[in-house]
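Numbering (my numbering), first residue to last: 568 to 1005. First comes the structure, then the notes that go with it.
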Amino acid sequence: MDFIEIGQIFNDARVRNKRYFEWLKEKDQNEVSFSKWCKKINEVGHCFCFICPKKINYGNNGRKALKKHANDKVHKKNLRGLQCTSLFPGSKQISENATLSLNDRRVNQKAVLACFVAENSLPFSLTPKLVELCQTLAKDRPALSKLKMEKTAATYITGHDVAKTMREELVAKLNKNYFSLNVDEATNNNGDKIINVLVRVYDDENEKIITAHLGSRKENISTANNIFLHLKELLDSNEISFSKVLSCVLDNCNTMRGCKKGVEKLSSDANKNLLHIDGDLAHKFHNTAKLFFSFDRFIEDFVNNVFNDINESPKATELFVGLQQNMNLKYNLKLIRPIDNRFLQMLTICNRLFSLKDALMLYYASFLSNEETEKYHDLLIAIFHYCKISEDQKKSIHTIQGRIKKQKRSDGSISRKDAVISTLFFHYEKFYCLLIFL
């Protein structure tokens, strides 16, 4: 039997009395709201009493049919019995807000979920997954109503139950099919080097290749022998034969891919069937780009100086944002932190710099001497015309520039600013050409 929720559209075309949802707010002779025991069903002119249970035809008499049923002896008896008897586990209880429409209840749930995410500082990208979780748990309402879990229990279940089961399932798949290893090195928040081992294997159940985490280990003395022994111990501890390894993707450093004593050489000696993989593509692209594209750190040093000069100070960051707001820029953009060993990131950084070059010139024009300001006056005026800055906005920009100029500067800050000003103004043509080239 299909029930119609409050607010849903239903077909009552041939019925004279069509104000069904308005009647639910009224009370019967027993001072009980109709919504407590009555629900609309997907049948023209009929609703359903789930206390009796019985269909009610309201098509001809409207609310009179509901009042007549409420005065029925059997209905009164069932209602008294329900009020005096505790519910069985799994039986449904009518909520107090039953008169709210389905759309209103859904909006309320969205608000509660959004507040939960914000209160607990969770990423909003997690919201769809939380909705799926709530829907999954709600399928078993009796169990959900009795569910309790503390922090200690969650930690124990994750470490000893869920993780153990997932590892056993993964090991079974690795023993059944050939797989490849992806070994990489990372640094954690404590500054320790961590060797991470990922596997790619065909999953028979899902009929696709999956990527899973096999294990990690702290390895501050990361020699080729130590890393290889870690791989062997990891496979042996899970009773996985090294002959099941089809290929091994490694970093392009000498420790990993050295021809004589690298991890790749040791792995090939242990497994003669190991396929040759020509290094990690991300690192190869990085190294190739760095080899073909070198400008004596002209852009790299500029990026470091600008980021450290503005982002180290919340006040400087706020003033820089204020400049952007008065320049009619579409978005208030932030500077990107440069990472020296990720050369390809420079493309993203330079694209951001190209969008912010006018704002940066107005910011650092605050530190120019009177002679330099007069020399580059035409360049600054061109920025005002290009950005279509009004007279009021010009006054605001000049006020912000005055506040920027009054900032206290250390010796390190002065040297950074001098280097940035040299690039932005004294070598403007070179700087602009490199940004366009990138």
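For every residue, glycine included, the Cβ atom is placed at its ideal position computed from N, Cα and C. Fair warning: this is a prediction, and the values are worked out from it, not measured in the lab.
Do LYS606 and PHE617 have their C-beta atoms closer together than 8 angstroms? Yes, the Cβ-Cβ distance between LYS606 and PHE617 is below 8 angstroms.
ASN787 and ASP759 closer than 8 angstroms at C-beta: With respect to ASP759, ASN787 sits close: the two C-beta atoms are nearer than 8 angstroms.
Assuming the contact rule is C-beta atoms closer than 8 angstroms, PHE934 and LYS882 should be a hit. Round their C-beta distance to whole Å, please. Rounded, the Cβ-Cβ distance is 15 angstroms, inconsistent with contact.
Can you give the Cα-Cα distance for LYS997 and GLU686, rounded to whole angstroms? Taking C-alpha positions only, LYS997 is separated from GLU686 by approximately 49 angstroms.
Three-state secondary structure assigned by DSSP to CYS1000: When secondary structure is reduced to three states using DSSP, CYS1000 falls in the helix class.
Contacting residues, own chain, Cβ-Cβ under 8 angstroms from THR915 (five flanking each side not counted): Contacts found: ILE903.
Residue from LEU741, LEU1001, ASP728 whose Cα sits closest to the Cα of ASP863: Closest by alpha carbon: LEU1001.
Which value, in whole angstroms, describes the spacing of the CA atoms of MET733 and GLY726? Spanning the two alpha carbons is a distance of roughly 10 angstroms.
For LYS839 and LEU798, I'd like the C-alpha separation in whole angstroms. Cα to Cα, the separation comes out at about 16 angstroms.
ASP595 beta carbon less than 8 angstroms from that of ALA637: Yes; because the gap between Cβ atoms is below 8 angstroms, this pair is in contact.
Here's the rule: buried if 16 or more other CB atoms are within 10 angstroms of the residue's CB, otherwise exposed. What is SER662? Because the pLDDT at SER662 is just 45, under 50, the model does not fix this residue reliably, and the value given afterwards should be weighed accordingly. An exposed status is given to SER662, since fewer than 16 other beta-carbon atoms sit within 10 Å of its beta-carbon.
Flag this pair as yes or no: are the beta carbons of VAL987 and ASN875 separated by less than 8 angstroms? No; because the gap between Cβ atoms is not below 8 angstroms, this pair is not in contact.
Taking the alpha carbon of ASN627 as the point to measure from, which residue in PRO620, CYS614, LEU801, LYS621 has its own alpha carbon closest? Answer by Cα proximity: CYS614.
Backbone CA spacing between ASN664 and LYS592 [nearest angstrom]: In this prediction, ASN664 scores a pLDDT of 44, lower than 50, which makes its location untrustworthy; the coordinate-derived value is nonetheless stated afterwards. For the pair ASN664 and LYS592, the Cα-to-Cα distance works out to about 11 angstroms.
Given a threshold of 16 other Cβ atoms within 10 Å of its Cβ, counted over all protein chains shown, does CYS815 qualify as buried or as exposed? So CYS815 ends up on the buried side.
Under 8 angstroms between C-beta atoms of ILE776 and ARG784: Cβ atoms of ILE776 and ARG784: not closer than 8 angstroms.
Got a sec? Which residues, its chain only, sit under 7 angstroms from TRP590 by beta carbon, not counting five neighbours each side? Contacts found: PHE601, ARG630, LEU633.
Cβ contact check for the stretch 958-974 and the stretch 918-928: 3 or more pairs under 8 angstroms: As far as the Cβ criterion goes, the stretch 958-974 does not touch the stretch 918-928, which means the pair count is below three.
According to DSSP, is ALA705 helix, strand or coil? It is coil, neither helix nor strand.
Using CA coordinates, which residue listed in LEU748, GLU772, SER804 is at the minimum distance from HIS780? With distances taken between Cα atoms, HIS780 lies closest to LEU748.
Do THR822 and ALA791 have their CB atoms nearer than 8 angstroms? Contact: yes.
By how many angstroms is the C-alpha of ASN763 removed from the C-alpha of ASN670? One C-alpha to the other measures close to 47 angstroms.
Taking the Cβ atom as the reference point for each residue, do ILE1030 and ILE623 lie within a distance shorter than 8 angstroms? One cannot answer for residue 1030 here, as it falls past the ends of the chain, which runs 568 to 1005.
Cutoff 6 angstroms; reference LEU737; Cβ partners in own chain excluding five residues on either side: Cβ neighbours of LEU737 beyond the five flanking positions: ALA779.
Can you tell me the Cα-Cα spacing of SER789 and ASP751, whole angstroms? Roughly 11 angstroms between the two C-alpha positions.
Pull up the distance between the alpha-carbon of PRO905 and that of THR703, whole angstroms please. Approximately 42 angstroms, taken between the alpha carbons.
Compare the beta carbon distance of LEU813 and TYR898 with 8 angstroms and say whether it is the shorter of the two. In this structure, TYR898 does not lie closer than 8 angstroms to LEU813 by Cβ.
Own chain, CB closer than 7 angstroms to LEU890, minus 5 neighbours either side, in chain order: Around LEU890: ALA926, LEU929, TYR930, ILE964, ILE967.
Just to confirm, are VAL679 and LEU693 a CB contact at a threshold of 8 angstroms? No, the pair does not count as a contact, with Cβ atoms beyond the cut-off.
Quick one: measure Cβ to Cβ for ASP579 and GLY612, integer angstroms, because I've assumed they're closer than 8 angstroms. Between GLY612 and ASP579 the Cβ distance is about 6 angstroms, and since that is below 8 angstroms, they are a contact.
Through-space distance from LYS827 to PHE809, alpha-carbon basis: One Cα belongs to PHE809, the other to LYS827, and the distance between them is close to 20 angstroms.
Using only CA atoms, which one of LYS975, LYS901, PRO620 lies nearest to ASN878? Taking only the C-alpha atoms, the option nearest ASN878 is LYS901.
Would you mind giving the Cβ-Cβ distance between ASN597 and LYS643, rounded to the nearest angstrom? I have them listed as a contact below 8 angstroms. So it is a contact: roughly 7 angstroms between Cβ atoms.
Please report how far the alpha carbon of LYS975 lies from the alpha carbon of THR884, in whole angstroms. Taking the straight line from one Cα to the other gives about 15 angstroms.
Taking ALA705 and LEU697 to be in contact with their CB atoms under 8 angstroms, please state how far apart those CB atoms are, rounded to whole angstroms. In fact, because the Cβ distance is near 12 angstroms, the residues do not count as touching under 8 angstroms.
Could you please give the first and the last residue of the uninterrupted beta strand (DSSP E) stretch that includes ILE576? Annotation for ILE576: no beta strand (DSSP E) segment contains it, and DSSP assigns it neither H nor E.
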